[in-house]
Amino acid sequence: MSISYPSCYCPPLRLSPSGTTSIQTNFTYDHMYRVTAINQYYNGSATVSHVATYSYNELGQVYQKKLAPVSASSYLQSVDMRYNIRGNC
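Residue 75 in our numbering sits at position 66 of the sequence shown, with consecutive numbering throughout.
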């Protein structure tokens, strides 16, 4: 298992060996080092499995999380988050 980190200490990838199946998890970050996407590769395959996509508002709060895309425009689950004036979800 090898883990490499950029200068901000955000993990760009994680390898998870579990029996005979190896899973490589890649994290994509924006310019503010916030996670924008999580992708996984199984057994060294070039085929990517998109796990989640995150969108942020101008205050840096997650306002939308999309899980398990079925196609380019539809997801199995989409979570919209709203915040009150105090910043509570």
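Backbone N, C-alpha and C define an ideal beta-carbon position, used for all residues, glycine too.
- In the three-state reduction of the DSSP assignment, A46 falls in the strand class, which pools E and B.
- In this structure, the straight-line span from the alpha carbon of L68 to that of Q49 is close to 28 Å.
- Taking the CA atoms as reference points, Y72 sits about 12 Å from N97.
- T62 sits away from T34, with the two beta carbons spaced by 8 Å or more.
- Taking 8 Å as the cut-off, the Cβ atoms of Y65 and R91 do not count as close.
- Close CB contacts of L85 within its chain, under the 7 Å cut and outside five residues either way in sequence, are with L76, A77, V79 (chain order).
- If the five residues before and after V60 are omitted, its C-beta is found closer than 6 Å to the C-beta atoms of I47, Q49, all from its own chain and listed in chain order.
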